Structure formats: structure tokens, C-alpha cells
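Offset between the sequence shown (1-based) and the working numbering: plus 4. Where a beta carbon is used, it is the ideal one built from N, C-alpha and C, also for glycine. Predicted, not measured: the structure shown is a model, and the values here were computed from it. For reference, the structure discussed in these notes is given below.
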Amino acid sequence: MLTIAKLDRYDLVNNPQDKTASFTIWFSGCNFKCKNCYNDILWDKNKGHIYDGKFIADVVCNMCNQLGVQSVVLLGGEPLQQDRQELLLICKRFYEAHLKIWLYTGYEFNEIPDEILQYVSMVKCGRYIDELKQDGFPASSNQKIYKHIKYSDKFKDVTKHYTKI
Ligand code: SF4
Numbered sequence: 005m006l007t008i009a010k011l012d013r014y015d016l017v018n019n020p021q022d023k024t025a026s027f028t029i030w031f032s033g034c035n036f037k038c039k040n041c042y043n044d045i046l047w048d049k050n051k052g053h054i055y056d057g058k059f060i061a062d063v064v065c066n067m068c069n070q071l072g073v074q075s076v077v078l079l080g081g082e083p084l085q086q087d088r089q090e091l092l093l094i095c096k097r098f099y100e101a102h103l104k105i106w107l108y109t110g111y112e113f114n115e116i117p118d119e120i121l122q123y124v125s126m127v128k129c130g131r132y133i134d135e136l137k138q139d140g141f142p143a144s145s146n147q148k149i150y151k152h153i154k155y156s157d158k159f160k161d162v163t164k165h166y167t168k169i
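This is how it looks when you write it as C-alpha cells:
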């Protein structure tokens with residue numbers, strides 16, 4: 005099961021790559037508890053709604069199809085602290101539906117399982133460190149942004165591109 009705080013079917017903020025609308029899933033639960041986290045309201049997994057992964061995949065794919073939305077953003081909370089098999093299921097379904105996936109995670113890039121990465125187009129990773137706070141995106145200077153290189157299993161560090169925006 006997945007624990008979700010909110011679904012945003014037309015999010016204009018969290019896909020800075022394409023600057024187009026995304027369907028965003030706000031997961032509940034994060035045990036990193038970074039100081040001055042922008043979303044501490046989502047730390048508690050018990051405050052989310054519990055959904056079956058297949059149901060969420062059906063809803064999101066149908067809504068994206070209806071609305072012409074071409075990307076899905078996974079954030080929270082911490083997406084990678086959800087049920088791994090359910091998370092994998094929805095990522096696979098989005099990938100097969102040709103939806104680009106943005107993953108926002110507090111884990112470092114090398115901690116993200118390959119089975120998830122294979123479906124993801126863009127990753128923002130690393131904890132938020134308040135002492136390294138910076139203007140713009142990402143929010144702290146230790147965090148990195150990686151782009152999946154097409155037709156390969158490799159990712160490229162594109163953080164500099166975003167910090168200049
Ligand atoms: S990893 Fe993200 S959601 Fe979790 S505490 Fe840190 S900033 Fe907040």
C-alpha cells in the first residue's frame with residue numbers, strides 16, 4: 005500500500021525541466037527530519053491516505069491522458085520510504101504510459117535502487133541542509149539533479165543547469 009497526503013493533477017511548479025504541468029503525488033512519511041524542512045507536515049506517515057498502487061496507477065494514467073499531462077512528479081515526504089514493490093509498480097506503469105517521472109528524494113543518488121532508477125527521467129536527491137540553503141533550485145547546495153540519458157542506463161549530473169535558472 006502507498007500512503008499519500010495529496011494528489012495534484014495539474015502542478016505547474018515541480019517540473020522545472022519542461023516547465024509544463026505535471027501530475028504530482030505527495031507521499032506521506034519521511035524519517036530524515038531535516039532541520040527546517042519545507043514540508044514537515046508530511047513527516048508522519050499516519051496522516052496520509054492509504055491507497056493500492058494499482059488504483060493510483062490507473063487514476064494517474066487516466067487523468068494524465070484526459071488532461072494531456074506528460075509527466076508525473078513523486079515527492080513528499082519521502083517516496084523511497086514507501087512500500088518498495090508498490091512504488092515500483094506505479095513507476096513501471098507510468099513509464100509504460102510514456103509519462104516522464106521526476107523523483108524528489110532525500111537519499112543520495114547512489115542509494116537509489118536501480119530497479120526504480122530505470123523508470124525515472126529526472127532525480128533531485130540529497131537531504132535538505134539548512135546551513136547550505138541557497139536561493140532557487142535545489143534548495144540547498146549539497147543537493148544534486150540528475151537527468152537520465154536517453155536509451156541508456158546512465159544519468160548525467162545537470163545540477164549547474166538548474167542553479168543558473
Ligand atoms: S528529506 Fe525532504 S521531506 Fe524529508 S525531512 Fe528532508 S527536506 Fe523534508
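Option in 81, 150, 64 with minimal Cα separation from residue 74
64
Taking the continuous beta strand (DSSP E) assigned at residue 120, which residues delimit it?
No beta strand (DSSP E) holds residue 120; the alpha helix (DSSP H) holding it covers 118-121.
Roughly how many angstroms lie between the CA atoms of residue 166 and residue 142, to the nearest whole one?
8 Å
When the distance is taken between beta carbons, is residue 28 closer than 9 Å to residue 78?
yes
In angstroms, rounded to a whole number, what distance separates the CA positions of residue 148 and residue 45?
24 Å
Examine the ligand SF4 and report whether any of its heavy atoms sits within less than 8 Å of the Cβ of residue 81.
yes
What beta strand (DSSP E) runs, 3 residues minimum, are completely inside the stretch 51-86?
53-55, 75-79
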